[in-house]
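Working notes, structure below.
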Amino acid sequence: MNEKKQAIRTVLIPESGLVLEPQHSRESFVGTDFSRVLAHLIGKTSSGGILIKATSGGSLHVVTAGVPFEIYAVNNGTAADAYNAGDTFEFATAFNVTDILVEIFAATISFRNEAGVWLGNKALPVGFHSIDFINYGIRIRNRTGGSNSVYEFTSYQ
15 MNEKKQAIRT
25 VLIPESGLVL
35 EPQHSRESFV
45 GTDFSRVLAH
55 LIGKTSSGGI
65 LIKATSGGSL
75 HVVTAGVPFE
85 IYAVNNGTAA
95 DAYNAGDTFE
105 FATAFNVTDI
115 LVEIFAATIS
125 FRNEAGVWLG
135 NKALPVGFHS
145 IDFINYGIRI
155 RNRTGGSNSV
165 YEFTSYQ
């Protein structure tokens, strides 16, 4: 069988956190051969590749702080009976987790997906809610007309 090679053109080497000798290779390829190797795993960042580590138990070490989030946005207000612009928050980049505090009166929320489509309604009773869901927006309205929900969203990415 003829070996086929595929060149990797994305610049990932040198990786941050790994000392190499020589520091640069001319090219990297993906081949059809299967072999046992001692490999290093790298991730692509805006400034190049970075070495990804494992825990002593062999699990992938993905964050040092316990959570992978670096940015959050806080929005709050008093909801209306119908979805409106003042209670609709849209994001250009995805948020991964949204904490929602409904202080008084139950609310109904809806998340926006990457395609810009608002998904189905989700009822929230009074209280604190944390939802792990990749979204590009959130909107809120009163669950019961005339019972104005007071809310705060904290979205993390």
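Sequential numbering of the sequence shown, starting at 15, is according to my numbering. Glycine included, every Cβ here is placed at the ideal spot set by N, Cα and C. Just so you know, these numbers come straight off a predicted model, no measurement behind them.
message: For Gly63, count the other beta carbons within 10 Å of its own beta carbon; 16 or more makes it buried, fewer makes it exposed. Which is it?
response: Using a 10 angstroms sphere on the CB of Gly63, the tally of other CB atoms reaches 16 or more, which defines it as buried.
field: Length at least 3, wholly inside the stretch 86–130: the beta strand (DSSP E) runs in chain order
entry: 86–92, 102–118 and 121–125
- request: Take Arg153 as the anchor and find which of Asn90, Lys67, Ile66 and Leu55 has the nearest alpha-carbon.
  value: Asn90
task: Compare the Cα-Cα distances from Val88 to each of Ala106, Val131, Ser73 and Ile114 and report the closest residue.
output: Ile114
Ala172: first and last residue of the uninterrupted beta strand (DSSP E) it sits in: Outside the shown range of the chain, which is 15 to 171, sits residue 172, and nothing can be said about it.
- prompt: Cα separation between Ser124 and Tyr86?
  reply: 19 angstroms
field: Contact check, Thr59 vs Asn162, beta carbons under 8 angstroms
entry: no
Nearest-angstrom beta carbon gap, Gln171 and Asn110 [assumed within contact, 8 angstroms]: 6 angstroms
- prompt: How big is the Cα-Cα spacing for Pro102 and Asn16?
  reply: It should be pointed out that residue 102 corresponds to Thr in this sequence rather than to Pro. Distance between the alpha carbons of Thr102 and Asn16: 57 angstroms.
message: Give me, in chain order, the residues of the same chain whose beta-carbon lies closer than 7 angstroms to that of Ala137; leave out the 5 immediate sequence neighbours on both sides.
response: Ala120, Thr122 and Arg157
message: Which residue wins for smallest C-alpha separation from Ser169, given the options Phe147, Gly160 and Arg155?
response: Phe147
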